[in-house]
Amino acid sequence: MPLTLLPLPQAEVLLDPDFLPPAAAESLLAELTATIPWRQEPIRIFGKEILQPRLTAWHGDPTAHYSYSGLALTPQPWTPALQQLREQVQAATGSRFNSVLLNLYRTGQDSMGWHADNEPELGPGPTIASVSLGAPRRFRLRPRQPQEVLHAPVSIQLAAGSLLVMRGPTQQHWLHAVPKTAVATGPRLNLTFRLVVGRC
Ligand SMILES: O=C(O)CCC(=O)C(=O)O
Ligand SMILES: [Fe+2]
24 MPLTLLPLPQ
34 AEVLLDPDFL
44 PPAAAESLLA
54 ELTATIPWRQ
64 EPIRIFGKEI
74 LQPRLTAWHG
84 DPTAHYSYSG
94 LALTPQPWTP
104 ALQQLREQVQ
114 AATGSRFNSV
124 LLNLYRTGQD
134 SMGWHADNEP
144 ELGPGPTIAS
154 VSLGAPRRFR
164 LRPRQPQEVL
174 HAPVSIQLAA
184 GSLLVMRGPT
194 QQHWLHAVPK
204 TAVATGPRLN
214 LTFRLVVGRC
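Count along the sequence shown from 1, then add 23; that gives the number in the numbering used here.
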């Protein structure tokens with residue numbers, strides 16, 4: 024199925040629920056879970072140091088430096104599996120990416136809080152392409168200023184093999200999150216492909 028534009032104001036969010044065939048999604052999940060050097064990074068929240076509620080990794084071109092929630096991330100090199108997925112995602116989106124952030128949500132207790140991917144390194148109106156593997160989880164979107172963008176929060180079930188694209192004004196006007204769930208949930212692995220532009 025092709026990418027389909029979701030009818031959201033001040034946003035360009037596209038979804039292909041069947042980007043990867045189930046068998047390909049499953050073998051990629053097994054390979055990445057086993058071979059990626061996963062880390063649980065500390066972050067500062069309200070002046071307090073805690074560990075992120077998920078495992079992460081950052082891979083990309085050597086020039087794609089990035090900071091994320093106060094962390095300075097130097098990319099690990101592309102692995103053959105990540106490079107192949109990058110090419111598939113580039114072909115499907117018509118966009119170029121030089122890095123990928125991987126998030127491993129080990130159980131339903133792992134999560135990602137409300138945020139926008141609006142770091143200066145991504146430039147204005149960034150395109151972010153998100154591939155999900157493993158257990159389905161709810162991806163939530165809500166307007167940053169509900170009095171300006173009149174729309175209720177949106178909940179999208181991101182299942183294994185799905186491709187979600189956020190581009191154009193999305194990060195400027197909307198926030199997104201992956202909330203915890205009390206439902207017993209196996210691991211979910213998400214990859215967000217990004218284009219980091221150099222700072223001068
Ligand atoms: O896990 C997801 O679906 C979202 C990940 C995300 O928002 C991010 O990496 O910035
Ligand atoms: Fe994000």
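We put the CB at the ideal spot given by N, CA and C, even for glycine.
Measuring alpha carbon to alpha carbon, tell me which of the options ends up nearest residue i.
i: His82; options: Ser153, Gly146, Gln106, Ile73; result: Gln106
i: Phe162; options: Pro176, Gln168, Pro143; result: Pro176
i: Ala182; options: Leu37, Pro159, Leu78; result: Pro159
i: Pro44; options: Ser185, Lys71, Leu38, His88; result: Ser185
i: Thr215; options: Arg190, Gln195, Lys203; result: Arg190
i: His88; options: Leu55, Val123, Thr116; result: Val123
i: Leu125; options: Leu164, Thr102, Leu38, Ala114; result: Thr102
i: Ala152; options: Asn121, Thr58, Gln180; result: Asn121
i: Thr79; options: Thr204, Gln180, Ile59; result: Ile59
i: Asp84; options: Gln194, Lys71, Arg109, Arg67; result: Arg109
i: Leu145; options: Gly136, Thr193, Gln180; result: Thr193
Expressed to the nearest angstrom, what Euclidean distance is found between the alpha-carbon atoms of residue i and residue j?
i: Gln75; j: Arg62; result: 10 Å
i: Ala46; j: Glu171; result: 43 Å
i: Pro65; j: Ile73; result: 5 Å
i: Leu29; j: Leu52; result: 27 Å
i: Arg217; j: Pro100; result: 15 Å
i: Leu173; j: Pro166; result: 8 Å
i: Glu142; j: Ser90; result: 8 Å
i: Val220; j: Thr97; result: 14 Å
i: Glu49; j: Leu212; result: 11 Å
i: Val154; j: Pro32; result: 23 Å
i: Trp197; j: Pro169; result: 9 Å
i: Ala104; j: Leu55; result: 8 Å
i: Gln111; j: Thr86; result: 22 Å
i: Gln147; j: Ser178; result: For clarity, residue 147 is Pro in the given sequence; the question names Gln instead. So the alpha carbons of these two residues sit roughly 25 Å apart.
i: Arg119; j: Ser134; result: 27 Å
i: Pro25; j: Glu35; result: 15 Å
i: Val201; j: Val188; result: 15 Å
i: Ala114; j: Ile68; result: 38 Å
i: Pro149; j: Ala57; result: 30 Å
Does ligand 1 have a heavy atom nearer than 7 Å to the CB of residue i?
i: Asn213; result: yes
i: His199; result: yes
i: Met24; result: no
i: Leu105; result: no
i: Ser134; result: no
i: Leu181; result: yes
i: Leu124; result: yes
i: Ser153; result: yes
i: Phe162; result: yes
Indicate, with yes or no, if ligand 2 has a heavy atom lying under 7 Å from the CB of residue i.
i: His138; result: yes
So is residue i in contact with chain C if we call contact Cβ pairs under 8 Å?
i: Pro25; result: The chain labelled as chain C is not found in the depicted structure, where only one protein chain is given.
Check whether the stretch 202-214 touches the stretch 127-145, counting contact only when three or more Cβ pairs, one atom from each stretch, lie closer than 8 Å.
yes
Only counting runs of 4 or more residues, tell me where the alpha helix (DSSP H) segments fall wholly within the stretch 63-102, in order along the chain.
none
Which ranges does the beta strand (DSSP E) cover as unbroken runs of at least 3 residues, wholly within the stretch 166-217, from first to last along the chain?
177-181, 186-190, 197-201, 211-217
Just list the beta strand (DSSP E) runs in the stretch 111-155, keeping only unbroken ones of 3 residues or longer that don't cross its boundaries, in chain order.
122-128, 135-138
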